[in-house]
Amino acid sequence: MGGLYGDLTVEELRERCAGWDRAALLADFDRLCDYRSAADWNALVRVCEAFALIGWGDREPVEAFAERWINGSFYTQLQDVRFRAIAGTAHGWSRRGDTFVVDGGPETVDPSVTALHSQRIPLAKNPVRLVRSGNYQIEAKPFVDELARLRGLLDERLARPYGPGFGYLGLRLLFSLPHGGPGLGMEYFHDDIGPPSAPDAKPFLRPRLELGRLTRRRGEVVLTVERHYTDAEARAGLDRQKRDFAADLVATIDGLATKLRRKAPEYRLDELRADLDTILDEWMPSA
421 MGGLYGDLTV EELRERCAGW DRAALLADFD RLCDYRSAAD WNALVRVCEA
471 FALIGWGDRE PVEAFAERWI NGSFYTQLQD VRFRAIAGTA HGWSRRGDTF
521 VVDGGPETVD PSVTALHSQR IPLAKNPVRL VRSGNYQIEA KPFVDELARL
571 RGLLDERLAR PYGPGFGYLG LRLLFSLPHG GPGLGMEYFH DDIGPPSAPD
621 AKPFLRPRLE LGRLTRRRGE VVLTVERHYT DAEARAGLDR QKRDFAADLV
671 ATIDGLATKL RRKAPEYRLD ELRADLDTIL DEWMPSA
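Just so you know, we're using our numbering here: the sequence shown kicks off at 421 and counts up by one.
Written as structure tokens, this is what we have:
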């Protein structure tokens, strides 16, 4: 394990996999979970990558990632396959010259560490990830709550591998907020801009479903799709909203299939679609 914590490529890490002592690796993981320096964090990332290759055995699998806040500051964290943060493992960071020190911790400076690593071998997690805008009409709250329940079902049931070549579909749900107040009100329209629901709401003409391009994010191929909700759609009633959303999700998977046909033919999208249909049948209102 001597060279495990250096700047190894994934291929080099894979080559050394056979000789690792699992007990020693677990001991290092337990020690490094209480990381207080950039060097320890980077070592923890390598340990998590090693377990992603050899398997976690009886331990709960976790993933180590570094991200930036909107202000550009870094934070690091361990999470499980259902995107739940592991208590006590999240830390913010501040720059000290070319390196980093953990916020609220010791000023442990190692000038040789100029980057915070993030896990390059992702665990198998839900590939259909729903996120929404922070604001929405109060009338849409029952639907928003049901979307959160669906996301939980997806995270729980779809956390398994579906093949190589594709990471995940990120479906962003963007709601109108016509009564957001002066300078904050905004409203989406699909075909033509009509009269706004509030006199000071800024109108935006957007397609109902907007499929992006396949891109790479943190080493994974990703498709981002945006669903824009008009004010009327947010008031349509829960049963109608859920049925429409299920149809949107099916259409999105169809669009993904077209994009993956040549880019990732080995990805088992039919299996994903079947699993997704089962979950949607459970989530949908009874006939």
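Glycine included, C-beta positions come from ideal geometry on N, C-alpha and C.
Let's test the definition: count the other Cβ atoms within 10 Å of the Cβ of residue i and tell me whether it reaches 16, buried, or not, exposed.
i: Thr-370; result: In the structure displayed, the chain extends from 421 to 707; residue 370 sits before or after that span and is not available.
i: Arg-552; result: buried
i: Val-465; result: buried
i: Thr-678; result: exposed
i: Asp-575; result: buried
i: Ala-472; result: buried
i: Gly-632; result: exposed
i: Phe-520; result: buried
i: Ser-457; result: buried
i: Gly-603; result: exposed
i: Glu-702; result: exposed
i: Asn-555; result: exposed
Does DSSP put residue i in a helix, in a strand, or in coil?
i: Glu-723; result: The question about residue 723 has no answer, for the chain in this structure spans 421 to 707.
i: Ala-510; result: coil
i: Phe-586; result: coil
i: Gly-524; result: coil
i: Leu-573; result: helix
i: Glu-483; result: strand
i: Gly-632; result: strand
i: Ala-505; result: strand
i: Arg-580; result: coil
i: Met-421; result: Residue confidence is low: Met-421 scores 48 on pLDDT, short of 50, so the model does not pin down where it sits. Its coordinate-derived value is still stated next. Coil.
i: Val-529; result: coil
i: Leu-536; result: coil
i: Glu-638; result: The residue asked about is misnamed: residue 638 is Arg in this sequence, not Glu. Looking at Arg-638 - three-state DSSP - the assignment turns out to be coil, as it is neither helix nor strand.
i: Glu-566; result: helix
i: Glu-469; result: helix
i: Ala-438; result: helix
Who are the near neighbours of residue i in its chain, counting only those whose CB is closer than 6 Å to its CB and skipping five residues on each side?
i: Gly-583; result: Glu-686, Tyr-687 and Arg-688
i: Gln-557; result: Ala-654
i: Asp-518; result: Thr-534
i: Glu-630; result: Glu-646
i: His-511; result: Thr-496 and Val-522
By Cβ distance, which residues of its chain are closer than 7 Å to residue i, with the 5 residues on each side in sequence left out?
i: Asp-611; result: none
i: Glu-480; result: Asp-500
i: Thr-509; result: Cys-453, Gln-497 and Leu-498
i: Val-529; result: Arg-516, Thr-519 and Val-521
i: Leu-543; result: Ala-472, Pro-481, Glu-483 and Val-501
i: Trp-489; result: Tyr-495
i: Arg-434; result: Leu-473
Look at residue i and residue j and say whether their C-beta atoms are less than 8 Å apart.
i: Ala-618; j: Ser-538; result: no
i: Gly-492; j: Arg-442; result: no
i: Val-642; j: Gly-675; result: no
i: Ala-621; j: Glu-640; result: no
i: Ala-560; j: Phe-609; result: no
i: Glu-469; j: Arg-540; result: yes
i: Leu-567; j: Ile-699; result: no
i: Gly-585; j: Ala-438; result: no
i: Arg-571; j: Leu-593; result: no
i: Met-704; j: Arg-663; result: yes
i: Pro-547; j: Leu-669; result: no
i: Val-430; j: Asp-448; result: no
i: Leu-597; j: Ile-613; result: no
i: Asp-690; j: Leu-578; result: no
Which residues bound the alpha helix (DSSP H) around residue i?
i: Arg-408; result: Nothing can be reported for residue 408, as the shown portion of the chain is limited to 421 through 707.
i: Gln-661; result: 658 to 683
i: Thr-698; result: 689 to 703
i: Glu-653; result: 651 to 654
Within the continuous beta strand (DSSP E) that includes residue i, where are the two ends?
i: Trp-476; result: It is not in any beta strand (DSSP E) - Trp-476 carries neither H nor E in the DSSP assignment.
i: Phe-494; result: 494 to 500
i: Phe-449; result: First-last for Phe-449: 442 to 452, but that is the alpha helix (DSSP H), not the beta strand (DSSP E).
i: Leu-543; result: Where Leu-543 is concerned, there is no enclosing beta strand (DSSP E), given that its DSSP letter is neither H nor E.
i: Gly-455; result: Contrary to the premise, residue 455 reads as Tyr rather than Gly in this sequence. Where Tyr-455 is concerned, there is no enclosing beta strand (DSSP E), given that its DSSP letter is neither H nor E.
i: Val-548; result: 548 to 552
i: Glu-607; result: 606 to 609
i: Leu-625; result: 622 to 625
Under 7 Å from any heavy atom of the ligand MN, does the C-beta of residue i make it?
i: Pro-562; result: Among the components modelled here there is no ligand, and therefore nothing to report on the ligand MN.
Less than 8 Å between C-beta atoms, sequence neighbours within five positions excluded: which residues of the same chain meet that for residue i?
i: Leu-658; result: Pro-562, Phe-563, Glu-566 and Pro-705
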